[in-house]
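So the sequence shown is numbered by the working numbering: it starts at 2 and just counts up by one. Okay, so here's the structure we're looking at.
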Amino acid sequence: MTATESLTYQQKYTLTSEELDKLTRELIHSYPPKTTDRFICYLLRGTDEVSNLGRHVEKEVFAEMVGSTDGTMSEFYEVYEHASMFFVVLDAVFCRPAGVLRAVKNSSAGLPTLNDAPEHIGITVDMFKEYHKVEKLDSVWDFATIAVRNDYRRVEGNLISNMLFRAMDVRAAYEGIEHYVSIFDTHIRTVFSPLGWAGEPIAGSSPVDYEGSYDSLFLYFHRPTTTSRVAESVDKVDRQLRSTAEVFKRRFIDGEGVDHRLMFQFSKNVPYDSTRKRFAKL
């Protein structure tokens, strides 16, 4: 049985307006916001139909950027759907998704970045583990996608993307995750590297052409070190980006203006309403 066959619903990368509205309202009704803020963030299992909200945003944004289709998205992620987690920011005022970050846990299917590494950069899983001193792949998450819909990219000083980074990182810390892997092309590196999200090339590898994106790097991130780099970036970044870096630091490291919007368990020290957990816990 494949990962896709084990799902109890049809994963879809394009939803109708009616389907978008139905799933969004179902999510908000099943797990009501604990704040009156416009933007809130949920953690959705890839095995739950409501995670199609995240897939819809992924495909919409990647179709715009690299020409992705429902078919290409489905083919690539088919074996990883059951191990995917979607951090989805919702616009509670207009009742629609604003952005998504997909992280993939290790499973029998492996991790997308490491599965593609042998073909593209000649690095096997064993080579990766030895080079980066990773004992268990269960301590690694694949930072697979981040996508913010066009109307929301400049809202409140990049709030949506900042929320998504914070959401993934605090949940990763909560679950004991120490490492990330990902693939960043030139555009993504230009946006995130000045903020401290730079990573290092997996096993010293070089940029390659990958999935329609040129000059892509297969990257490794040590999660605690990345936090330190974000803190240090404010003093190193160009003056014109300093205010952006300062805001990102406060949101990403301190959770300023973000943590009360996270609709899932992310800290053993923060009280949690366990009576409403259909979408909140993995």
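Every residue, glycine too, gets a C-beta built ideally from N, C-alpha and C. None of these values were measured; they are calculated from a predicted model.
So the candidates are THR25, CYS42 and LYS23; which of them puts its Cα closest to the Cα of LYS267?
By 1-based counting over the sequence shown, the position of residue 267 is 266. Going by the sequence as given, residue 267 is Phe instead of Lys. The option with the nearest alpha carbon to PHE267 is CYS42.
Which residue marks the beginning of the beta strand (DSSP E) containing HIS223, and which one marks its end?
Stepping through the sequence shown from its first residue, residue 223 is reached at position 222. Looking at the DSSP string, the run of the beta strand (DSSP E) that includes HIS223 is 214 to 223.
List in chain order: all unbroken beta strand (DSSP E) runs of 3+ residues lying wholly within the segment 35 to 95.
List check, beta strand (DSSP E) in window: 40 to 46 and 85 to 92.
If we count Cβ pairs, one from each stretch, closer than 8 angstroms, do we get three or more for the segment 94 to 106 versus the segment 64 to 75?
These segments do not touch.
Roughly how many angstroms lie between the CA atoms of GLY258 and GLU179, to the nearest whole one?
Numbered from 1 along the sequence shown, position 257 holds the residue referred to as residue 258. Numbered from 1 along the sequence shown, position 178 holds the residue referred to as residue 179. Rounded to the nearest angstrom, the two C-alpha atoms are 25 angstroms apart.
Quick one: what's got a C-beta closer than 6 angstroms to PHE222's C-beta in the same chain, skipping five residues either side?
Position 221 of the sequence shown, counted from the start, is the residue given in the question as residue 222. Excluding sequence neighbours, PHE222 sits near TYR181 and GLY200.
For TRP198, which residues of its own chain have a beta-carbon under 8 angstroms away from its beta-carbon, when the five flanking residues on both sides are left out?
Residue numbering aside, residue 198 sits at position 197 when the sequence shown is read from its first letter. Contacts found: PHE166, PHE222, THR227, ARG230 and VAL231.
In chain order, what residues of the same chain have a beta carbon less than 8 angstroms from the beta carbon of GLU136, not counting five sequence neighbours either side?
Your numbering for residue 136 matches position 135 in the sequence shown. Same-chain partners within the cutoff: LYS130.
Going straight from the alpha carbon of TYR10 to that of ASP49, what length do you get?
Here residue 10 refers to the residue found at position 9 when the sequence shown is read from its first residue. Here residue 49 refers to the residue found at position 48 when the sequence shown is read from its first residue. Spanning the two alpha carbons is a distance of roughly 8 angstroms.
Starting from the N-terminal side, write out each stretch of the beta strand (DSSP E) that is 3 residues or longer and does not extend beyond the segment 108 to 195.
List check, beta strand (DSSP E) in window: 141 to 149 and 180 to 185.
Distance, Cα to Cα, ARG1 vs GLU120?
Missing from the structure shown is residue 1; the chain here goes from 2 to 283 and no further.
Helix, strand or coil: which one does DSSP assign to LYS237?
Start at 1 with the first residue of the sequence shown, and residue 237 comes out as number 236. LYS237: helix per DSSP, three-state reduction.
Beta carbon of LEU263, beta carbon of MET128: below 9 angstroms?
Your numbering for residue 263 matches position 262 in the sequence shown. Your numbering for residue 128 matches position 127 in the sequence shown. No, they are not a contact pair.
With H, G and I counted as helix, E and B as strand and the rest as coil, what does DSSP make of GLN266?
Counted from its first residue, the sequence shown places residue 266 at position 265. Residue state, collapsed to three classes: coil.
Is it a yes or a no for the segment 240 to 248 touching the segment 203 to 223, going by three-plus beta-carbon pairs under 8 angstroms?
Result no; under three Cβ-Cβ pairs closer than 8 angstroms.
Measure the C-alpha to C-alpha separation of ASN107 and TRP142 and round it to an integer number of angstroms.
To locate residue 107, count along the sequence shown from 1; it is residue 106. To locate residue 142, count along the sequence shown from 1; it is residue 141. Their Cα atoms are separated by approximately 7 angstroms.
Using 10 angstroms around the beta-carbon of PHE88, count the other beta-carbons present and answer buried if the total reaches 16, otherwise exposed.
Stepping through the sequence shown from its first residue, residue 88 is reached at position 87. That one is buried.
So, using beta-carbon positions, are ILE203 and ILE147 closer together than 9 angstroms?
The residue given as residue 203 occupies position 202 in the sequence shown. The residue given as residue 147 occupies position 146 in the sequence shown. Going by C-beta atoms, ILE203 is not nearer than 9 angstroms to ILE147.
When you compare the segment 18 to 25 with the segment 73 to 87, are there three or more beta-carbon pairs, one atom per stretch, that lie closer than 8 angstroms?
The segment 18 to 25, when compared against the segment 73 to 87, does not touch it at the 8 angstroms Cβ threshold.
By the 10 Å Cβ neighbour count, where 16 or more other Cβ atoms means buried, how is LEU16 classified, buried or exposed?
For the purposes of this step, residue 16 is taken as the residue at position 15 of the sequence shown. Buried, because 16 or more other Cβ atoms sit within 10 Å of the Cβ of LEU16.
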